[in-house]
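The next block holds one structure in the form of structure tokens; read it before the comments.
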Amino acid sequence: MPGQSGPDGSGPVVGRLSAGTSRRRPRNPLGPTEAEVRANLAGEASAEAAFALHEAEANAALEPDTEQPAIPRDLTAAAFFDVDNTMVQGASIVHFARGLAARKYLNTSDLVDFAWKQMKFRVTGKENSNDVASGREKALSFIAGRSTAELARLGEEIYDEIIFEKIWPGTRALAQMHLDAGQQVWLVTATPLELAQVIAKRLGLTGALGTVAESENGLFTGRLVGDILHGMGKAHAVRTLAIREGLNLKRCTAYSDSHNDVPMLSLVGTAVAINPDSDLRELAKNRGWEIRDFRTARKAAKVGVPTALVLGAAGGALAAAITRRRELLG
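Residue numbering for the sequence shown follows the numbering used here, starting at 18 and increasing by one per position.
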């Protein structure tokens, strides 16, 4: 996890990863760009943190409930879900900012700024580099010097107060189908790792890949490891996690609403566009990707089981998945 000491006790793993990688990657005009290096760093750090937490939770798990029939595990398939406008209505970071403003951590102008930039992104479907940089600086200035435990606690409180009611039932049902088929289910998001992990835990998912902020001795330094986890960074995080977990990406499924997540969607065997922006909708049609839109009651009623999941699941696991989906959708 971010801020933990390495096995030799020499200091925070994430801190050493960031500094060490910088020394090992001198600038090369023929090599990867600075943005690509940061994206790779972000992906590797996110996968490392997610894997460490998943492993720790597995080791600490109690004996399984013998009263409940065990679901056969599908060890090589997984599902990866974007969060904003895919799993959660709106932007999770804006919901988080609302909760922080209510607690006087942020002022009204900060909240309006967050919301305005998100609105511009939703209207244009494009990330503005200046907005991304500005948002990153504000977020880092807020967490600098604060404890990782404090951010996790705030994430839990704000999830229960605000984000819980923003979960798309249709997307939640899709995630549950993968769980009922014995597959891992991961969130993949630019949202801070601590908040992403809270959302994943509350939903009963395997874990989360999110933006990793550097920490030392349990306190945030005010620096990111690499960059915000988005675009190519998400794809790199998924690829890295798949290697660690022994997943076959051709048997995996990814879900997103944004054209910016095409690198992640293109990485897996099955891509599903959820509440897609116009560019992703067009691309999904051209590539034959499934489209699910839960933004109106009429469209939400058309939720279907992704074709690849039907073909990949078998026997009792599939039956349990369909039963569970019907229960969730009422």
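No residue lacks a Cβ here, since even glycine has one placed at the ideal position from N, Cα and C.
TODO: Report yes if the CB atom of ASP99 is closer than 8 Å to the CB atom of ASP294, and no otherwise.
DONE: No, they are not a contact pair.
Task: Minimum C-alpha distance to ARG163 - residue among LEU226, LYS218, ALA290 and GLY239 - done: Per the Cα distances, GLY239.
TODO: Counting only the same chain and skipping the five closest in sequence on each side, list residues whose C-beta sits under 7 Å from that of ILE308.
DONE: Listed in chain order, the non-local C-beta contacts of ILE308 below 7 Å within the same chain comprise ALA290, PRO293, ARG298 and ALA301, local neighbours out to five positions each way being set aside.
Open item on the list: Just to check my reading of the structure: THR50 and MET104 have Cβ atoms closer than 8 Å, yes? What is that Cβ distance to the nearest angstrom?
Closed with: By a beta-carbon distance limit of 8 Å, THR50 does not contact MET104. Their separation comes to about 31 Å.
TODO: List the endpoints of the continuous beta strand (DSSP E) containing PHE237.
DONE: Annotation: the continuous beta strand (DSSP E) that includes PHE237 extends over 236 to 241.
Open item on the list: Would SER109 and LEU226 qualify as a contact pair, given that the criterion is a beta-carbon distance under 8 Å?
Closed with: Result no, Cβ atoms of SER109 and LEU226 do not sit closer than 8 Å.
Open item on the list: For THR208 and PRO89, what's the separation of their Cα atoms in angstroms?
Closed with: Their Cα atoms are separated by approximately 31 Å.
Task: Three-state secondary structure assigned by DSSP to PHE311 - done: In this structure, DSSP gives PHE311 a state outside helix and strand, which the three-state scheme calls coil.
Open item on the list: For a quick check, are the C-beta atoms of GLN200 and ALA94 less than 8 Å apart?
Closed with: Yes, Cβ-Cβ distance for GLN200 and ALA94 is below 8 Å.
- [ ] Would you give the residue range spanned by the alpha helix (DSSP H) that TYR176 belongs to?
- [x] Element bounds for TYR176: 165 to 178.
Open item on the list: Quick check on GLY221: buried or exposed, where buried means 16 or more other Cβ atoms within 10 Å of its Cβ?
Closed with: Exposed.
Task: Per-residue DSSP class, three states only, for ALA66 - done: In the three-state reduction of the DSSP assignment, ALA66 falls in the helix class, which pools H, G and I.
Open item on the list: Using CA atoms only, rank isn't needed, just tell me which of ALA87, ILE180 and ALA69 is closest to ASP101.
Closed with: Per the Cα distances, ILE180.
TODO: Would you tell me roughly how many angstroms separate the C-alpha atoms of ALA317 and ASP310, rounded to the nearest one?
DONE: A caution first: ALA317 carries a pLDDT of 42, below 50, which makes its placement in the model unreliable, though a value can still be read off. Distance between ALA317 and ASP310, taken at the CA atoms: about 6 Å.
TODO: May I ask you to verify whether the segment 238 to 255 touches the segment 58 to 78, counting CB pairs closer than 8 Å and requiring at least 3?
DONE: With a cut-off of 8 Å, the segment 58 to 78 and the segment 238 to 255 count as touching, because enough Cβ pairs lie within range.
Task: Assigned exposure category for ASP197 - 16 Cβ within 10 Å defines buried - done: Burial call: buried.
Task: Within 8 Å, strictly: CB atoms of LYS218 and GLY107 - done: Contact: no.
TODO: Report yes if the C-beta distance between GLU53 and MET281 is below 8 Å; otherwise report no.
DONE: No, they are not a contact pair.
Task: Distance between ALA118 and HIS71 (C-alpha atoms, nearest Å) - done: When rounded, the separation of the alpha-carbon atoms in HIS71 and ALA118 is 31 Å.
TODO: Kindly indicate which residue of ALA75, PHE237, ARG312 and LEU284 has the alpha-carbon position closest to the one of PHE97.
DONE: The candidate whose alpha carbon is nearest that of PHE97 is LEU284.
Task: Nonlocal neighbours in the same chain, by C-beta distance under 8 Å from TRP185, ignoring five residues either side - done: Same-chain partners within the cutoff: THR103, MET104, VAL105, GLN106, ILE291, ASN292 and PHE311.
Task: Start-to-end residues for the beta strand (DSSP E) that takes in ALA225 - done: For ALA225, the uninterrupted beta strand (DSSP E) run begins and ends at 224 to 228, by DSSP.
- [ ] Specify the secondary structure class of SER232 as computed by DSSP and reduced to three states.
- [x] It is a strand residue.
Task: Closest residue to VAL205 among ALA114, ASP274 and GLY172 (Cα-Cα distance) - done: In terms of Cα proximity to VAL205, the closest of ALA114, ASP274 and GLY172 is ASP274.
Task: Rounded straight-line distance, which links the Cα of PHE159 to that of HIS195 - done: The alpha-carbon atoms of HIS195 and PHE159 are separated by roughly 36 Å.
- [ ] Closer than 6 Å by C-beta to ALA59: which residues in its own chain qualify, once you throw out the five before and the five after it? Chain order, please.
- [x] Cβ-Cβ distances below 6 Å link ALA59 to GLY243, ASP244, LEU246 and GLY250 in the same chain, with the five nearest sequence neighbours on each side left out; the list follows chain order.
TODO: Can you grab the Cα-Cα spacing for the pair ALA56 / LYS121, in whole Å?
DONE: Rounded to whole angstroms, ALA56 to LYS121 spans 33 Å at the Cα level.
Task: Nearest residue (CA-CA) to ALA190, options LYS267, VAL229, LEU123 and TYR272 - done: Ranked by how close their Cα comes to the Cα of ALA190, the residues LYS267, VAL229, LEU123 and TYR272 have TYR272 in first place.
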